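Right, one structure below, let's go through it.
Numbering (the numbering used here), first residue to last: 2 to 109.
Here is the structure:
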């Protein structure tokens, strides 16, 4: 059974675009609207986890973002905590929980 740790999402500006960056998985989405980039990132996280389940490759899910992003987190403001619902198939197969805890921080 795979335990998914709480995830950290850092939202910041880069090249006139908002970026939502999952620091534990080191991937991000970008755009002009905070709600859209965060929603897109959550959909990407869900898709990556479901793909890992299908390929039995959960061990490949996590790759830490570079240190400078974690340092930016020290000056960021916690916006909210929420959960990403993985769906029932996650519970029935490989994961301890149907939901992943997420903490969103704003660095803009």
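The C-beta atom is built at its ideal place from N, Cα and C for all residues, glycine as well. Just so it is clear, the structure is predicted and the values come from calculations on it, not from any experiment.
Alpha carbon of residue i to alpha carbon of residue j, nearest angstrom
i: residue 9; j: residue 56; result: 24 Å
i: residue 34; j: residue 80; result: 15 Å
i: residue 21; j: residue 48; result: 16 Å
i: residue 40; j: residue 83; result: 12 Å
i: residue 58; j: residue 88; result: 18 Å
i: residue 74; j: residue 86; result: 24 Å
i: residue 76; j: residue 105; result: 13 Å
i: residue 36; j: residue 63; result: 24 Å
Collapsed DSSP secondary structure at residue i in the structure displayed
i: residue 21; result: strand
i: residue 85; result: strand
i: residue 1; result: In the structure as shown, the chain begins at 2 and stops at 109. Residue 1 is therefore absent and cannot be evaluated.
i: residue 37; result: helix
Reference residue i, options the options, closest by Cα
i: residue 15; options: 30, 25 and 26; result: 30
i: residue 100; options: 21, 41, 69 and 51; result: 51
i: residue 13; options: 88, 102 and 69; result: 69
i: residue 38; options: 18, 73 and 7; result: 18
i: residue 67; options: 108, 7 and 28; result: 28
Whole-angstrom C-beta distance between residue j and residue i, which should lie under 8 Å
i: residue 65; j: residue 11; result: Actually they are not in contact, since the Cβ atoms of residue 65 and residue 11 sit about 13 Å apart, beyond 8 Å.
i: residue 53; j: residue 61; result: 7 Å
Which residues DSSP lists as bridging residue i, in chain order
i: residue 101; result: 85
i: residue 31; result: 20
i: residue 15; result: 18
i: residue 106; result: 11 and 79
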